[in-house]
Amino acid sequence: MENQPTVSCVETQVTNEYGIGMRIAIVLAFLILIPVLLPIAFVLLGLLFSFYLAGIVVFYIIERTTAPKGMYGDPHIKFQWLRAFINNVIASNVPHCQARFRRFLFRLSGITIGKRVFIGMNGYMEDYCPEHVVIEDNATISFRVTFVAHGVKRGKNLRVLIRSGAYVGAGCVILPGVTIGRKAVVGAGSVVVKDIPDGAVAAGNPARVLRWLEGYGPDTLAGKAPIVPVCKSENVNL
Ligand SMILES: CC(C)(COP(=O)(O)OP(=O)(O)OC[C@H]1O[C@@H](n2cnc3c(N)ncnc32)[C@H](O)[C@@H]1OP(=O)(O)O)[C@@H](O)C(=O)NCCC(=O)NCCS
Numbered sequence: 002m003e004n005q006p007t008v009s010c011v012e013t014q015v016t017n018e019y020g021i022g023m024r025i026a027i028v029l030a031f032l033i034l035i036p037v038l039l040p041i042a043f044v045l046l047g048l049l050f051s052f053y054l055a056g057i058v059v060f061y062i063i064e065r066t067t068a069p070k071g072m073y074g075d076p077h078i079k080f081q082w083l084r085a086f087i088n089n090v091i092a093s094n095v096p097h098c099q100a101r102f103r104r105f106l107f108r109l110s111g112i113t114i115g116k117r118v119f120i121g122m123n124g125y126m127e128d129y130c131p132e133h134v135v136i137e138d139n140a141t142i143s144f145r146v147t148f149v150a151h152g153v154k155r156g157k158n159l160r161v162l163i164r165s166g167a168y169v170g171a172g173c174v175i176l177p178g179v180t181i182g183r184k185a186v187v188g189a190g191s192v193v194v195k196d197i198p199d200g201a202v203a204a205g206n207p208a209r210v211l212r213w214l215e216g217y218g219p220d221t222l223a224g225k226a227p228i229v230p231v232c233k234s235e236n237v238n239l
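Just so you know, we're using this note's numbering here: the sequence shown kicks off at 2 and counts up by one.
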């Protein structure tokens with residue numbers, strides 16, 4: 002009985018020493034492994050990025066050597082592959098909080114975008130002839146909106162124009178040659194096949210006018226008002 006406390010004390014000491022040893026070993030392992038693992042991780046990432054860049058270069062060479070001189074007989078559009086990449090791979094996936102950056106990228110890809118325009122995520126912007134998409138000031142394009150400006154008639158790309166203050170609901174498809182009027186609202190999921198007048202609320206497939214915003218309509222002055230250029234994008238000669 003007298004020996005018991007002594008044994009217990011020894012056991013406690015052994016346990017403590019073992020714990021400290023383990024801790025030191027773990028710290029040492031980290032100290033040794035971090036300088037080894039970090040460069041390996043960087044090298045792997047570098048390799049991945051190089052493969053990625055190489056892929057783009059190969060893709061570019063293949064496209065330049067095998068692609069026809071532009072679809073529908075148009076002259077080949079310069080850097081179409083890169084524009085499409087910026088447009089539909091990077092810009093459309095930029096998160097909501099970076100909407101200004103997304104807008105900048107869309108402009109970079111060739112789309113004409115006015116001031117204070119919001120474009121939501123995961124849309125599909127025209128990437129064959131982005132110059133044919135014009136979005137005026139204060140327009141709102143919700144998420145998953147598709148803009149198409151080519152493919153209606155062979156040899157023709159048609160301008161898609163979103164006039165100032167227009168609102169395009171989520172998941173709409175805007176077809177070539179369509180103009181969405183000033184302050185017009187297009188309901189979610191609509192397929193817009195022909196022009197939507199100023200101040201109209203339209204929806205459906207094909208989109209039809211449901212009603213008019215106050216002050217607009219076929220009989221009002223606003224409904225008949227001549228189209229006045231609102232931002233410089235209007236002067237784009239297409
Ligand atoms: C188009 C919209 C503005 C209409 O709103 P509203 O004027 O309040 O119209 P109502 O809800 O009274 O509907 C009127 C009629 O249009 C129909 N309708 C409404 N939205 C529609 C749509 N997107 N597609 C097809 N039909 C639609 C309704 O079924 C209704 O038909 P009915 O009269 O035969 O019953 C609205 O429905 C809409 O789609 N908003 C966009 C939402 C969106 O995209 N948000 C994204 C946020 S980033």
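We treat Cβ as the ideally placed atom computed from N, Cα and C, and that holds for glycine. Since this is a predicted model, take the numbers as computed values, not measurements.
Note to self: Considering only DSSP beta bridges, list what Val28 is partnered with.
What the structure shows: Start at 1 with the first residue of the sequence shown, and residue 28 comes out as number 27. None; Val28 has no bridge partner.
- prompt: Whole-angstrom Cβ separation of Ile181 and Arg160, contact assumed at under 8 Å?
  reply: One-based indexing of the sequence shown puts residue 181 at position 180. One-based indexing of the sequence shown puts residue 160 at position 159. The pair is not a contact, with the Cβ atoms about 12 Å apart (cut-off 8 Å).
Inset, instruction - State buried or exposed for Phe60, treating a residue as buried only when at least 16 other CB atoms are found within 10 Å of its CB. - result: The sequence position of residue 60 within the sequence shown is 59, counting from 1. With fewer than 16 other Cβ atoms within 10 Å, it is exposed.
Is Gly178 helix, strand or coil when you go by DSSP?
-> Residue mapping note: residue 178 aligns to position 177 of the sequence shown, counting from 1. Gly178: coil per DSSP, three-state reduction.
In this structure, how does DSSP classify Leu159 when only helix, strand and coil are distinguished?
Taking the first residue of the sequence shown as position 1, residue 159 is located at position 158. In this structure, Leu159 counts as coil in the three-state DSSP scheme.
| task | Spatial neighbours of Cys173 within its chain, please: CB distance less than 6 Å, with the 5 preceding and 5 following residues excluded, ordered by chain position. | result | Position 172 of the sequence shown, counted from the start, is the residue given in the question as residue 173. Only Val146, Val187 and Ser191 meet the Cβ criterion.
Requested in this report: Consult DSSP for Gly218 and reduce its assignment to one of helix, strand or coil.
Outcome: Indexing the sequence shown from 1 puts residue 218 at position 217. Gly218: coil per DSSP, three-state reduction.
C-alpha distance - Ile1 paired with Val135, whole-angstrom precision:
Since the first residue shown for the chain is 2 and the last is 239, residue 1 is missing from the structure and cannot be characterised.
Discussion item. I'd like the list of long-range same chain contacts for Val149, defined as Cβ closer than 8 Å, with 5 residues on each side in sequence excluded.
Written reply: Along the sequence shown, one-based indexing puts residue 149 at 148. Closer than 8 Å at the Cβ level, and outside the excluded window around Val149, lie Glu127, Val161, Val174, Ile175, Leu176 and Pro177.
Note to self: With a threshold of 6 Å on Cβ separation, who are the neighbours of Ala226 within its own chain once the five nearest residues in sequence on each side are excluded?
What the structure shows: As a working note, residue 226 is residue 225 in the sequence shown. Model confidence at Ala226 stands at a pLDDT of 46, short of 50, so the residue's coordinates are unreliable and nothing is read from them.
Looking only at its chain, what residues have a beta carbon closer than 8 Å to the beta carbon of Arg103, apart from the 5 residues adjacent to it on each side?
Start at 1 with the first residue of the sequence shown, and residue 103 comes out as number 102. Leaving aside the five residues that flank Arg103 on each side, the residues in its chain whose CB is nearer than 8 Å to its CB run, in chain order, Ala92, Ser93, Val95, Ile120 and Met122.
- Task: Measure how close the beta-carbons of Gly170 and Ser143 come, nearest whole angstrom, since I'm counting them as under 8 Å.
- Result: On the sequence shown, residue 170 is found 169 positions in, with the first residue counted as 1. On the sequence shown, residue 143 is found 142 positions in, with the first residue counted as 1. Between Ser143 and Gly170 the Cβ distance is about 5 Å, and since that is below 8 Å, they are a contact.
For Ala85, the three-state DSSP class (helix, strand or coil):
Reading the sequence shown from its first residue, position 84 is the one you call residue 85. If DSSP states are grouped into helix, strand and coil, Ala85 belongs with the helices.
Look up Gly20 in the DSSP assignment and say whether it is helix, strand or coil. If you number the sequence shown from 1, residue 20 lands on position 19. Three-state DSSP puts Gly20 in a helix.
Measuring from the CB of Arg212, is there a heavy atom of ligand 1 at a distance below 8 Å?
Here residue 212 corresponds to residue number 211 of the sequence shown, with the count starting at 1. Yes.
Q. Under 8 Å from any heavy atom of ligand 3, does the C-beta of Val95 make it?
A. Ligands in the displayed structure: ligand 1; ligand 3 is not one of them.
Of the listed residues Val118, Val194, Val193 and Pro198, nearest to Ala247 (C-alpha basis) | Given that the chain is displayed from residue 2 to residue 239, the structure contains no residue 247 and the question cannot be resolved.
> From the DSSP output, which residues share a beta bridge with Phe119?
Replying inline: Indexing the sequence shown from 1 puts residue 119 at position 118. Phe119 pairs with Thr141.
Less than 8 Å between C-beta atoms, sequence neighbours within five positions excluded: which residues of the same chain meet that for Asp196? Looking up residue 196 in the sequence shown gives position 195. Only Val179, Thr180, Ile181 and Gly182 meet the Cβ criterion.
Ligand 1 heavy atom lying under 8 Å from the CB of Val186:
On the sequence shown, residue 186 is found 185 positions in, with the first residue counted as 1. Yes, the beta carbon of Val186 sits closer than 8 Å to at least one heavy atom of ligand 1.
*Could you spell out where the beta strand (DSSP E) holding Val100 opens and where it closes?*
By one-based count along the sequence shown, residue 100 stands at place 99. In the sequence on display, residue 100 carries Ala and not Val. Here Ala100 belongs to no beta strand (DSSP E); instead the alpha helix (DSSP H) covers Ala100 to Leu109.
Quick check: what's the CA-CA separation for Pro219 versus Ala189? In the sequence shown, residue 219 corresponds to position 218, counting from 1. In the sequence shown, residue 189 corresponds to position 188, counting from 1. Rounded to whole angstroms, the separation of the alpha carbons of Ala189 and Pro219 is 23 Å.
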